[in-house]
Amino acid sequence: MAGSGIHPKQVHEILSMSDYLEPLMELMASLPSEERVILVGHSKGGLCISAAMERFPDKVSVGVFATAFMFGPNLTSETVIQQFNEGLDSEGYMDTQYGFHNGQDKPTSSFLFGPNLLASKLYQLSPPEDLTLALSLVRPVGVCKDEESNKAMAVTKEKYGSVRRVYIVCNEDKILTEDFQRWMIANNPPDEVKLIPDSDHMPMFSKPYELCSCLEEIAEKYH
5 MAGSGIHPKQ VHEILSMSDY LEPLMELMAS LPSEERVILV GHSKGGLCIS
55 AAMERFPDKV SVGVFATAFM FGPNLTSETV IQQFNEGLDS EGYMDTQYGF
105 HNGQDKPTSS FLFGPNLLAS KLYQLSPPED LTLALSLVRP VGVCKDEESN
155 KAMAVTKEKY GSVRRVYIVC NEDKILTEDF QRWMIANNPP DEVKLIPDSD
205 HMPMFSKPYE LCSCLEEIAE KYH
């Protein structure tokens, strides 16, 4: 995604969800019409693959949500985010830092997860070396609440709803809690639900073999 990983854009250059999604949408558009892919979204990536499923339903064989935000035609992204925020414990976002690139009198435009939050709620069961790497690479995340972004995240039963979905529950996730994951599943039921026991928010680090096994099973069944 734009402004993530090694992508050169900076967070203040991402003004909408369309900007953020641009690399994924360009990739999907470049695929041959007869090619179908498996999209895997983790955490906020669930929002991204949902938008791609809506725009390119014929190119997606299955959308996989790994402890990810998952909305749908009858469950808006705004409702999902509101439910998530209401479910936060008293510690909230802990030492997260907030950015106000549009001015201190304007709404928050970005946030940067702090080391205490990463250690206690995202990587608490992951190897320490993975937490150390994350601390050195973490980047700010943009917050897009404009009307254009809301439209970009809207999905329909005809397009998004035609793509099969699998949700992977990580029951020791302390940020997207199991209760929250199960709430999304109940309100927007996928085709299948899988569980990775004893996984934190980062299953690729805390339970890499189990995650790979899950993805292999999904690929064999749906692709």
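In our numbering, the protein residues as written are 5 to 227. All C-beta atoms in this analysis are idealised placements derived from N, C-alpha and C, irrespective of residue type, glycine included.
### Query
At a cut of 8 Å, does the stretch 203-214 reach the stretch 182-190 through at least three beta carbon pairs?
no
#### Entry: beta strand (DSSP E) segment containing G67, residue limits
V64 to A72
### Query
In or out: S34 buried (at least 16 other Cβ within 10 Å) or exposed?
exposed
### Message
According to DSSP, E196 sits in a beta bridge with which residue or residues?
### Response
V170
### Message
Once DSSP output is grouped into helix, strand and coil, what is the label at H46?
### Response
strand
#### Entry: Cβ-Cβ separation, V66 to R168 (assumed contact under 8 Å), whole Å
5 Å
### Task
Thinking F60 and M32 are a contact (beta carbons under 8 Å), I'd like their distance in whole angstroms, please.
5 Å
### Query
Out of G103, H105 and L126, which has the shortest C-alpha to C-alpha gap to H205?
L126
#### Entry: Terminal residues of the beta strand (DSSP E) in which S114 lies
S114 to L116
### Query
Would you call the stretch 106-115 and the stretch 75-87 touching, i.e. three or more CB-CB distances under 8 Å?
Segments in contact, no.
### Query
What did DSSP end up calling V84 once you bin it into helix, strand or coil?
helix
### Message
By the DSSP assignment, the alpha helix (DSSP H) with Q185 in it spans what residues?
### Response
E182 to N191
### Message
Tell me which residues share the same chain as V170 and place their Cβ nearer than 8 Å to its Cβ, disregarding the 5 neighbours each side in the sequence.
### Response
V66, G67, V68, F69, P194, D195, E196, V197, K198, I222 and Y226
### Task
Just mark V173 as buried or exposed, buried being the case when its beta carbon has 16 or more other beta carbons within 10 Å.
A buried status is given to V173, since no fewer than 16 other beta-carbon atoms sit within 10 Å of its beta-carbon.
### Task
Evaluate E30 with the Cβ neighbour count: other Cβ atoms within 10 Å of its Cβ, from every protein chain shown; 16 or more gives buried, anything less gives exposed.
exposed
### Query
Given M57, which residues of its chain have a CB within under 6 Å of its CB, disregarding the five upstream and five downstream residues?
V64, G67, Y164 and V167
### Task
State the CB to CB distance for the pair G146 and G7, rounded to an integer number of angstroms; the pair is presumed to be in contact (CB under 8 Å).
6 Å
### Query
Which partner residues does Y226 have in the DSSP bridge list?
Beta-bridge pairing links Y226 to no other residue.
### Query
Y24 lies in the alpha helix (DSSP H); which residues open and close that run?
Looking at the DSSP string, the run of the alpha helix (DSSP H) that includes Y24 is M21 to S34.
### Query
What residue does the beta strand (DSSP E) around Q101 start on, and which one ends it?
Q101 to G103
### Query
Since A158 is in the alpha helix (DSSP H), which residue starts that stretch and which ends it?
No alpha helix (DSSP H) holds A158; DSSP gives it neither H nor E.
### Task
For A72, count neighbouring C-beta atoms within 10 Å of its own C-beta (all shown protein chains included) and say buried if the count is 16 or more, exposed if not.
Burial call: buried.
### Message
If I measure Cβ to Cβ from H46 and keep anything under 6 Å in the same chain, skipping five residues before and after, which residues do I get?
### Response
A70 and A72
### Query
Hey, M74 and G50: beta-carbon distance below 8 Å or not?
A contact, by the Cβ cut-off of 8 Å.
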